[in-house]
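Undergrad: What follows is a single structure, and I will ask about it in a moment.
Residue numbers (this note's numbering): 3 to 242.
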């Protein structure tokens, strides 16, 4: 039905969609809470940006991810409009390179690599162990992609919603809804904290946060401390 090249592109697109399922799942839950659309035009997040009102080729997946489809054959670069005020930064998903708003920029883009940019100040949860079915990924660990903002405290935040992914037991409180906050405390100290947004959620899960990727970091960390309920449970000293 499809050529080998087209089949490979479809397969890769499905795999990428699978990796973003934690983010999609959270967005649909928040849609239920707030009515905000999962996929939204640029002006929905940037109503004061007049150029965003006219943009019809790009859209946002939730508040954090900007997508521009590739509709022309044999292209290698794509022109994008990045919305926001001057303190808004966008990060190329594939390269981590920062791109300032507002304004038009050129990014790498082709049928094999659709442009995706993460908005500065956001956190996106993904799963990076891609399997042949999404049900097999249900208990796989989470990776957090943190895109630092360029304001004075480098604040970034995001959310995650989880349930068993199979039953209606979320109606009985078997779910969780948490926020992640990345914050600059001082020039030498940055923190990442988790906050329970819904105490009615009682889901117990073995799903772990396996990796944290921070975009926009200007200096390599010297050490990392992990605390649980105020207790130091992990300490890593990094030698440069």
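Just so you know, even glycine gets a beta-carbon here, dropped at the ideal spot from N, CA and C.
Please report how far the alpha carbon of residue 175 lies from the alpha carbon of residue 160, in whole angstroms.
TA: For residue 175 and residue 160, the distance between alpha carbons rounds to 22 Å.
Undergrad: Strictly by DSSP, which residues pair up with residue 122?
TA: The partner list for residue 122 (beta bridge, DSSP) is empty, contrary to what the question assumes.
Undergrad: Rounded to whole angstroms, what's the CA-CA distance from residue 121 to residue 68? Just pull it up for me.
TA: Rounded to the nearest angstrom, the two C-alpha atoms are 7 Å apart.
Undergrad: Is it buried or exposed, residue 238, if we count other Cβ atoms within 10 angstroms and call 16 or more buried?
TA: It is exposed - the Cβ of residue 238 has fewer than 16 other Cβ atoms within 10 Å.
Undergrad: For residue 86, tell me which candidate among 116, 192, 50 and 134 has the shortest Cα-Cα distance.
TA: For the residues 116, 192, 50 and 134, the minimum Cα distance to residue 86 belongs to 50.
Undergrad: Hey, residue 95 and residue 119: beta-carbon distance below 8 Å or not?
TA: Yes, the Cβ-Cβ distance between residue 95 and residue 119 is below 8 Å.
Undergrad: Let me make sure I understand the geometry here. Which of 92, 83, 115 and 93 has the alpha-carbon closest to that of residue 106?
TA: For the residues 92, 83, 115 and 93, the minimum Cα distance to residue 106 belongs to 83.
Undergrad: Might you give, ordered along the chain, the residues of its own chain that have their beta carbon closer than 7 Å to the beta carbon of residue 243, omitting 5 neighbours on each side?
TA: Nothing about residue 243 can be reported from this structure: the residues present for the chain run from 3 to 242 only.
Undergrad: So residue 34 is in the alpha helix (DSSP H); what residue range does that whole segment cover?
TA: Unbroken alpha helix (DSSP H) run through residue 34: 23-36.
Undergrad: Is the separation between the beta-carbon of residue 152 and that of residue 98 shorter than 8 Å?
TA: For residue 152 and residue 98, no; Cβs fall outside 8 Å.
Undergrad: Please go through the same chain and pick out, in chain order, the residues whose beta-carbon is closer than 6 Å to the beta-carbon of residue 147, but skip the five residues on each side of it.
TA: Only 126 and 215 meet the Cβ criterion.
Undergrad: Would a C-beta distance cut-off of 8 Å place residue 162 and residue 28 closer than the cut-off?
TA: Taking 8 Å as the Cβ cut-off, residue 162 and residue 28 qualify as a contacting pair.
Undergrad: Could you have a look at residue 201 and say whether DSSP puts it in helix, strand or coil?
TA: Here residue 201 sits in coil by DSSP.
Undergrad: In angstroms, rounded to a whole number, what distance separates the CA positions of residue 123 and residue 184?
TA: Straight-line Cα distance between these residues: approximately 9 Å.
Undergrad: State the start and end residues of the unbroken alpha helix (DSSP H) segment that holds residue 92.
TA: It is not in any alpha helix (DSSP H) - residue 92 instead sits in the beta strand (DSSP E) that spans 91-94.
Undergrad: Is the beta carbon of residue 40 closer than 8 Å to that of residue 144?
TA: For residue 144 and residue 40, no; Cβs fall outside 8 Å.
Undergrad: Could you tell me which residues DSSP puts in a beta bridge with residue 127?
TA: According to DSSP, residue 127 bridges with 146.
Undergrad: Rounded to whole angstroms, how far is the Cβ of residue 1 from the Cβ of residue 116, which I believe are closer than 8 Å?
TA: The displayed coordinates of the chain run from 3 to 242. Any statement about residue 1 would go beyond what the structure contains.
Undergrad: Count the other CB atoms, across all protein chains shown, that sit within 10 Å of the CB of residue 141; report buried if there are 16 or more and exposed otherwise.
TA: Exposed is the call here.
Undergrad: With burial defined as no fewer than 16 other Cβ atoms inside 10 Å of the residue's Cβ, what is the status of residue 221: buried or exposed?
TA: Residue 221 should be labelled exposed.
Undergrad: On a Cα-Cα basis, can you pick out the residue from 166, 173 and 195 that is closest to residue 207?
TA: Nearest option by C-alpha distance: 166.
Undergrad: Would you mind sorting residue 10 into buried or exposed? The rule is 16 or more other CB atoms within 10 Å of its CB.
TA: By the 10 Å Cβ count, residue 10 comes out exposed.
Undergrad: Any idea what DSSP makes of residue 180, helix, strand or coil?
TA: The answer is strand: DSSP assigns residue 180 an E or B state.
Undergrad: Since residue 230 is in the alpha helix (DSSP H), which residue starts that stretch and which ends it?
TA: First-last for residue 230: 225-230, but that is the beta strand (DSSP E), not the alpha helix (DSSP H).
Undergrad: Determine the burial state of residue 202: buried for a count of at least 16 other Cβ atoms within 10 Å of its Cβ, exposed for fewer.
TA: Looking at its Cβ environment, which holds fewer than 16 other Cβ atoms inside 10 Å, residue 202 is exposed.
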